[in-house]
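Per the working numbering, residue 943 is the first one in the sequence shown, and the count goes up by one each step.
Where is the CB? At the ideal position from N, CA and C, for every residue including glycine.
Working notes, beginning with the structure itself.
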Amino acid sequence: MNLTQRIAQLQSLIALAVLMIALSVSTDSFLTPENGMNVLRQISVNLCLSIGMTLVIVSGGIDLSVGSVLAFSAAVSAWLLKYGVDLAPLGVHVEFTVAGTIVAGVLVGSLLGLVNGLLVARLGMPAFIVTLGMLSIARGLTELWTGGHPITGLGDDFGWLGTGDLHGVPVPAMIVAGLVAVFTVVTLRTRFGRHLYAVGGAERAARLSGVNVARVKTWAYICSGALSGMAGLLLTARLDSATPRLGETYELDSIAAVVIGGASLSGGRGSVLGAVLGCLIIGVLNNGLALLDVSPFWQKVIKGVVILLAVAIDRLSRRQTA
């Protein structure tokens, strides 16, 4: 991790501390163990998305489809868990366990991520256009799959993934903490991680030095899709429902968290730990505004201003270091 990234993370950490102090002074309900666990549960889905978004943004891309991929993966998983699959020619009905459902959701997300990656990396199509198209495709597939109706009644065992806790710590937070640890190691200690930063920082130089740019980018999108699938499972388990509109606008929160955490939309800079800080800032902000009874409409305005400020700070810092 270079000095610029360390400074960006330090700025995010200071911003989080200031925000928490301000909210602690403003409302007695904020700084309580129960509310702290509630914030961790709430940010788990966005953090899961943001890990994948970090990989894509570091590689110099963008993924606008994560919310819709989340929804379609959730719809398929919920359907399989509740109804199973009828193999008519064989006269067999296959029931899915919770473990099988998790695998199915992650695979569906990975497949959609693979499509994004191939179109961007192999065909050279703009990432913005490709993932915007996938946003629409996956959302349409979700509506077709569900028939426009929510899939509910998924059982307590599955619901435990979203609402359970171990020794007072929310299960989804523990799952995502494991993912944070894994992908922190992947980005900082593996060849793939080094190539990811090389491609995002200077794609031409990376290609000339022997890096398989297309493969690196493709795998970044596959990881983003897989993590979107996992996020869909966690959210569906928490709500006990997979709906056609699940995950709408979640891509904005994910991008915001990654940028607030110090990543550059130009690529080559960012970290999983930075995404954690960004998600905490957004989660604490959302939670605090709700406790203060701020209108949901004003919450959207404030969140948008925070995103713009984060991008503006990124641009200014890049000019100063150029």
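Have a look at the options and flag the residue whose alpha-carbon is nearest the alpha-carbon of residue i.
i: T1178; options: L1169, G1189 and A1168; result: G1189
i: A1063; options: T1094, G1075 and S1001; result: S1001
i: R1077; options: L1250, Y1192, R1211 and V960; result: Sequence check: residue 1077 is Leu here, not Arg. Residue Y1192 is the option with its Cα nearest to L1077.
i: H1091; options: L955, R1133, A1017 and A957; result: A1017
i: Y1139; options: G1009, V1040 and V998; result: V998
i: L1108; options: A1080, I1244 and R983; result: R983
i: G1230; options: A1041, D1028, V967 and I1079; result: V967
i: M962; options: N1228, L1065, A1254 and I1244; result: N1228
i: G1171; options: L1222, V1034, A1148 and L1053; result: L1053
i: G1059; options: I1004, P1031 and D1028; result: I1004
i: C911; options: R1149, L1219 and V1236; result: The first residue shown for the chain is 943 and the last is 1264, placing residue 911 beyond what the model contains.
i: F1038; options: A1144, Y1025 and L1065; result: Y1025
i: V1011; options: L1150, R1146 and R1187; result: R1187
i: A1119; options: S954, A1173 and L1049; result: A1173
i: P1114; options: I985, G978, L1250 and R1149; result: I985
i: R1180; options: V1243, P1112 and A1198; result: P1112
i: G1009; options: E1145, T1094, Q1241 and R1081; result: R1081
i: T1132; options: A1147, V1158, W1240 and A1144; result: V1158
i: T969; options: A1254, A1232, L1250 and D1195; result: A1232
i: A1198; options: L1250, S1019 and L1032; result: L1250
i: Q1241; options: V1200, L1023, D1195 and R1261; result: D1195
i: A1162; options: K1245, T1129, L1032 and G1152; result: T1129
When the distance is taken between beta carbons, is residue j closer than 9 Å to residue i?
i: W1102; j: W1021; result: no
i: V1141; j: G1209; result: yes
i: T1105; j: A1013; result: no
i: I1335; j: N988; result: Nothing can be reported for residue 1335: it is not among the residues displayed for the chain, which extend from 943 to 1264.
i: L958; j: V1226; result: yes
i: L1169; j: I1044; result: no
i: S992; j: A1252; result: no
i: T1160; j: L1056; result: yes
i: V1040; j: G1097; result: yes
i: A950; j: G1204; result: yes
i: S1213; j: T996; result: yes
i: L1234; j: L965; result: yes
i: G1047; j: S1015; result: yes
i: G994; j: C1221; result: no
i: L1061; j: V1050; result: no
i: A1184; j: I1117; result: no
i: A1144; j: H1137; result: no
i: D1182; j: G1066; result: no
i: G1167; j: M979; result: no
i: Q953; j: I1255; result: yes
i: L1023; j: F1100; result: yes
By the three-class DSSP mapping on this structure, what secondary structure does residue i have?
i: H1035; result: strand
i: A1020; result: helix
i: P1112; result: strand
i: N980; result: helix
i: I956; result: helix
i: T1126; result: helix
i: A1148; result: helix
i: V1153; result: coil
i: G1002; result: coil
i: G1189; result: coil
i: S1170; result: helix
i: S986; result: helix
i: S968; result: helix
i: V1007; result: Residue identity differs from the one stated: residue 1007 is Ser in this sequence, not Val. The answer is coil: DSSP assigns S1007 none of H, G, I, E or B.
i: T1132; result: coil
i: G973; result: First, the residue type needs correcting, since residue 973 is Leu and not Gly in the sequence shown. In the structure shown, L973 sits in coil (DSSP, three-state: anything other than H, G, I, E or B).
Just grab the DSSP bridge partners of residue i for me.
i: S1196; result: The partner list for S1196 (beta bridge, DSSP) is empty, contrary to what the question assumes.
i: S1183; result: T1094
Let me check you understand the geometry: is the CB of residue i closer than 8 Å to at least one non-hydrogen atom of the ligand FAD?
i: S986; result: This structure lacks the ligand FAD, and indeed carries no ligand of any kind.
Original post:
Which residue spans inside the stretch 1025 to 1110 form an unbroken beta strand (DSSP E) run of at least 3?
Top reply: 1027 to 1029 and 1034 to 1036
Original post:
Could you give the uninterrupted runs of the alpha helix (DSSP H) lying entirely in the stretch 1192 to 1259, keeping only those of 4 residues or more?
Top reply: 1192 to 1202 and 1214 to 1233
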